[in-house]
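Protein sequences appear in the order of chains A and B.
FYI, the numbering for the first sequence is 1 to 111, going by my numbering.
FYI, the numbering for the second sequence is 112 to 225, going by my numbering.
Shown next, in C-alpha cells, is the structure this report addresses.
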Amino acid sequence: AQRVTQPEKLLSVFKGAPVELKCNYSYSGSPELFWYVQYSRQRLQLLLRHISRESIKGFTADLNKGETSFHLKKPFAQEEDSAMYYCALSSRNSGNTPLVFGKGTRLSVIA
Amino acid sequence: DTEVTQTPKHLVMGMTNKKSLKCEQHMGHRAMYWYKQKAKKPPELMFVYSYEKLSINESVPSRFSPECPNSSLLNLHLHALQPEDSALYLCASSRRNSGSGEQFFGPGTRLTVL
Numbered sequence: 001a002q003r004v005t006q007p008e009k010l011l012s013v014f015k016g017a018p019v020e021l022k023c024n025y026s027y028s029g030s031p032e033l034f035w036y037v038q039y040s041r042q043r044l045q046l047l048l049r050h051i052s053r054e055s056i057k058g059f060t061a062d063l064n065k066g067e068t069s070f071h072l073k074k075p076f077a078q079e080e081d082s083a084m085y086y087c088a089l090s091s092r093n094s095g096n097t098p099l100v101f102g103k104g105t106r107l108s109v110i111a
Numbered sequence: 112d113t114e115v116t117q118t119p120k121h122l123v124m125g126m127t128n129k130k131s132l133k134c135e136q137h138m139g140h141r142a143m144y145w146y147k148q149k150a151k152k153p154p155e156l157m158f159v160y161s162y163e164k165l166s167i168n169e170s171v172p173s174r175f176s177p178e179c180p181n182s183s184l185l186n187l188h189l190h191a192l193q194p195e196d197s198a199l200y201l202c203a204s205s206r207r208n209s210g211s212g213e214q215f216f217g218p219g220t221r222l223t224v225l
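Have a look at this one:
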C-alpha cells in the first residue's frame, strides 16, 4: 500500500534560517514524488516534482530511494514561505493514479 | 487557459436541498478528480474520472453523485447531505498516459450544510 508520512504538523523557523520539511514514503512500485503548497486562501498548487529536479522559489527536494525520503529544503526561509506543505506520491507506471497525500506540515516563518 | 475553475465559490445548503458543484478545465486533460478537504487536513480522494468514465469511487456515500458530461466538465450533485459533509470540495485534472501524477487543482467550493 502507498503511504506518505510527514512527521511534523508544524514547523516554525526564523526568517533567514534553513528549512527542512521531512517526507518519507512507502511504495512497492516505482513512485513519483511531489511537493504541493497551499498558501492562505489560495488553491493547492504544485511546488516541485522529483522528476524535474528543479529549484522553485529556492526550494529543492531530492528523492532518496535508499531512505525512501523526499525532504524539502530551502537554505534561507522567507516570510512568504509560510504555508501548508503536502508531500504526495503517485505511481510512475500509470498515467492517472490518484495522488496519496501526507498529512501536511504547516511552515511558519517568523520575522 | 491553464486553470481549473470551480463554481460556486461558496455554498450553504440545508439537509433537504439538492445542489450541484461544477468544475471546468480546458487544458485537454482526460482525467478529472473530486476531493474533499476538511480544515487543516490533506485532500481526501472521492472520485476519479478517466475519459469521461468513472474509474474510482472511494466508497463515497450515495448522497454525492458525480457526473462527467464531457471531457472539460465535471459535476458533483449533492442531495440530503449531513452537517459533517461541510468541507472544501476540490476539483483537479491531469493528463492521461503521461506517466505523471501531477494534478492541477481548482480553488474549491466551500460547502456548509446546515
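Where a beta carbon is used, it is the ideal one built from N, C-alpha and C, also for glycine.
Report yes if the C-beta distance between P98 of chain A and L122 of chain B is below 8 Å; otherwise report no.
-> The beta carbons of P98 of chain A and L122 of chain B sit no closer together than 8 Å.
Determine whether the Cβ of K103 of chain A lies closer than 8 Å to any Cβ atom of chain B.
-> yes
How should S12 of chain A be labelled, buried or exposed, when 16 other C-beta atoms within 10 angstroms of its C-beta is the threshold for buried?
-> exposed
Beta-carbon neighbours of L46 of chain A, restricted to chain B and to distances below 7 Å | E213
Outcome for N208 of chain B when other beta-carbon atoms lying within 10 angstroms are tallied against a minimum of 16 | Caution is warranted here: a pLDDT of 46 is assigned to N208 of chain B, below 50, making its placement in the model unreliable, and the coordinate value is therefore given only provisionally. Classification for N208 of chain B: exposed.
At a cut of 8 Å, does the region 117-134 of chain B reach the region 56-68 of chain A through at least three beta carbon pairs?
-> Too few Cβ pairs lie closer than 8 Å, so no.
So, helix, strand or coil for P194 of chain B, using DSSP?
-> helix
Comparing the C-beta of R3 of chain A with each C-beta of chain B, is any distance below 8 Å?
-> no
How would you label L165 of chain B, buried or exposed, when you count the other beta carbons within 10 angstroms and need 16 or more for buried?
-> With fewer than 16 other Cβ atoms within 10 Å, it is exposed.
Three-pair Cβ contact test at 8 Å for the region 70-90 of chain A versus the region 134-149 of chain B = no
Could you tell me whether the Cβ of S197 of chain B comes closer than 8 Å to any Cβ of chain A?
-> no
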